[in-house]
Amino acid sequence: MKLDRLVAALDRELDLAHAERFRDDSHNGLQVANRSGRATRVALGVDATLPFFERAAAAGADLAIVHHGLSWGDSLRRITGLNWRLLDFLLRHDLALWACHLPLDAHPRLGNNARLAAALGLRRQKPFALYHGVPIGIQGVLPRAMPRAAFHAQVRRAVGPEIRTLDFGRARIRSVGIVSGGAPGQIADAVAARLDAYLTGESSLQARNLAEQEGINAVFAGHYATERFGVCALGGWIRRRFGLPAKFIDLAVTY
Numbered sequence: 001m002k003l004d005r006l007v008a009a010l011d012r013e014l015d016l017a018h019a020e021r022f023r024d025d026s027h028n029g030l031q032v033a034n035r036s037g038r039a040t041r042v043a044l045g046v047d048a049t050l051p052f053f054e055r056a057a058a059a060g061a062d063l064a065i066v067h068h069g070l071s072w073g074d075s076l077r078r079i080t081g082l083n084w085r086l087l088d089f090l091l092r093h094d095l096a097l098w099a100c101h102l103p104l105d106a107h108p109r110l111g112n113n114a115r116l117a118a119a120l121g122l123r124r125q126k127p128f129a130l131y132h133g134v135p136i137g138i139q140g141v142l143p144r145a146m147p148r149a150a151f152h153a154q155v156r157r158a159v160g161p162e163i164r165t166l167d168f169g170r171a172r173i174r175s176v177g178i179v180s181g182g183a184p185g186q187i188a189d190a191v192a193a194r195l196d197a198y199l200t201g202e203s204s205l206q207a208r209n210l211a212e213q214e215g216i217n218a219v220f221a222g223h224y225a226t227e228r229f230g231v232c233a234l235g236g237w238i239r240r241r242f243g244l245p246a247k248f249i250d251l252a253v254t255y
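Okay, here's the thing in structure tokens:
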């Protein structure tokens with residue numbers, strides 16, 4: 001199919017016409033076109049890196065879709081060094097690149113946080129955690145309260161085995177707030193909402209100290225691991241809607 005048609009559909013689904021409300025540094029949408037102007041096979045990944053591009057090209061993709069793209073603020077003001085190598089690879093392999101950052105985190109069905117909440121079985125979901133005044137996360141409740149150890153095991157099953165925990169809150173967990181990726185600061189939102197636990201990707205010393213002083217549980221399951229969910233969901237959406245081959249390429253990054 002025509003690349004422009006698929007890009008327009010992706011832009012509509014992620015509501016990129018109103019993406020400025022997130023005050024996102026990412027230039028969301030099509031960042032690099034291809035010569036053919038076609039999208040016949042899609043590769044999806046978390047990060048726009050050379051290893052991902054190499055795997056995408058080897059899979060025969062002509063469109064790469066990522067959460068973390070190449071164009072951030074003025075990051076491409078000079079096409080030298082790694083920037084040149086990344087763009088050179090895309091151009092030589094006729095591989096287009098479409099990226100979506102915060103709008104994909106916050107999407108109510110396909111977003112990282114919505115899919116994470118579904119994987120954990122959270123009910124009564126509602127928006128959670130403001131970023132520049134816009135809700136970006138999801139909060140909800142488990143079907144029943146469970147011991148911390150059982151909740152940790154559930155996170156490992158849903159996200160992956162590499163997690164870090166701060167066990168400063170209630171011994172049993174039911175209410176949970178989620179913001180994928182690098183959002184340790186949003187633990188303050190979980191405290192304000194009086195939740196039993198907070199789940200994100202990366203930790204920080206400030207988050208650790210706040211969790212201890214406020215008495216809340218926190219789980220840090222990896223930036224990469226918590227942000228696979230959105231691109232995987234996008235792949236399924238592309239397959240269902242357009243019948244195109246769309247494969248998630250998992251580089252199994254543990255950060």
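Residue numbers for the sequence shown follow the numbering used here, so the first one is 1 and each next one is one higher. Idealized CB from N, CA, C, for every residue including glycine. Here the structure is a predicted model, which is why all the values come from computation and not from measurement.
Drop a sphere of 10 angstroms on the beta-carbon of residue 98, count the other beta-carbons inside from all chains shown, and report buried for 16 or more, exposed for fewer. Residue environment: residue 98 is assigned as buried (16 or more neighbouring CB atoms within 10 Å of its CB, all protein chains considered).
Residue closest to residue 232, alpha-carbon to alpha-carbon, out of 54, 111, 36: Residue 232 has its Cα closest to that of 111, out of 54, 111, 36.
Can you name the start and end residues of the beta strand (DSSP E) that residue 172 belongs to? Its beta strand (DSSP E) spans residues 172-178.
Along the chain, which unbroken stretches of the alpha helix (DSSP H) at least 4 residues long are found entirely within the segment 143-221? Listed in chain order, they are 148-158, 187-192, 205-214.
Where residue 140 and residue 7 are concerned, what is the direct C-alpha to C-alpha distance, given to the nearest angstrom? Here the C-alpha atom of residue 140 lies approximately 32 Å from the C-alpha atom of residue 7.
Return the CA-CA distance between residue 109 and residue 96, expressed in angstroms with no decimal places. Distance between the alpha carbons of residue 109 and residue 96 is about 25 Å.
The alpha helix (DSSP H) that contains residue 99, what's its start and end? Secondary structure note for residue 99: it is in no alpha helix (DSSP H), and the uninterrupted beta strand (DSSP E) holding it is 96-99.
Count the other CB atoms within 10 Å of the CB of residue 24; is the residue buried (16 or more) or exposed (fewer)? Under a 10 Å Cβ-count criterion, residue 24 is classified as buried, with 16 or more other Cβ atoms of the shown protein chains found around its own Cβ.
The beta strand (DSSP E) spanning residue 88 covers which residue range? Segment 81-92 is the alpha helix (DSSP H) holding residue 88; no beta strand (DSSP E) there.
Pick out whichever of 122, 187, 211 has its Cα sitting closest to the Cα of residue 144. Comparing Cα-Cα distances from residue 144 to each of 122, 187, 211, the minimum goes to 122.
Put residue 223 into one of helix, strand or coil per three-state DSSP. Secondary structure at residue 223: helix, using DSSP grouped into helix, strand and coil.
Nearest neighbour of residue 211, chosen from 178, 238, 190, 42 [CA to CA]: The shortest Cα separation from residue 211 among 178, 238, 190, 42 belongs to 190.
Evaluate residue 184 with the Cβ neighbour count: other Cβ atoms within 10 Å of its Cβ, from every protein chain shown; 16 or more gives buried, anything less gives exposed. Buried, by the Cβ-count rule.
Going along the chain, which residues of its own chain have a beta-carbon closer than 8 Å to the beta-carbon of residue 163, five neighbours each way excluded? Once the five neighbours on either side are set aside, the close Cβ partners of residue 163 are 152, 155, 156, 219, 220, 221, 222.
So for residue 65, helix, strand or coil by DSSP? Strand at residue 65.
Say whether chain E places a C-beta atom closer than 7 Å to the C-beta of residue 56. In summary, chain E is missing from the structure at hand, where a single protein chain is found.
On the criterion of 16 or more Cβ atoms from any shown chain inside 10 Å, does residue 200 qualify as buried, or is it exposed? When all chains shown are included, residue 200 counts as buried.
Are at least three pairs of beta-carbons, each pair with one atom in the segment 68-85 and one in the segment 11-29, less than 8 Å apart? Counting Cβ pairs under 8 Å, three or more are found: they touch.
Which residue or residues does DSSP assign as beta-bridge partners of residue 45? Answer by DSSP bridge pairing, in chain order: 66.
Residue(s) in a DSSP beta bridge with residue 131: For residue 131, which the question treats as bridged, DSSP gives the partners 134.
For residue 259, name the three-state secondary structure that DSSP assigns. Given that the chain is displayed from residue 1 to residue 255, the structure contains no residue 259 and the question cannot be resolved.
Would the beta-carbon of residue 42 fall within 7 Å of that of residue 188? Residue 42 is not a Cβ neighbour of residue 188, given a cutoff of 7 Å.
If you check the beta carbons only, do residue 181 and residue 227 fall under 7 Å apart? The criterion of a C-beta distance shorter than 7 Å is satisfied by residue 181 and residue 227.
My assumption, with CB atoms under 8 Å, is that residue 148 sits in contact with residue 173. Please give the rounded CB distance. At roughly 6 Å, the Cβ-Cβ gap stays under 8 Å, so residue 148 and residue 173 are in contact.
Residue range of the alpha helix (DSSP H) that includes residue 32: That residue, residue 32, is in no alpha helix (DSSP H); its beta strand (DSSP E) goes 29-32.
Over the uninterrupted beta strand (DSSP E) stretch that includes residue 39, give me the two end residues. Note, residue 39: premise wrong, no beta strand (DSSP E); not H, not E.
Residue 229 and residue 116: beta carbons closer than 7 Å? Pairing residue 229 with residue 116 gives a Cβ-Cβ distance under 7 Å.
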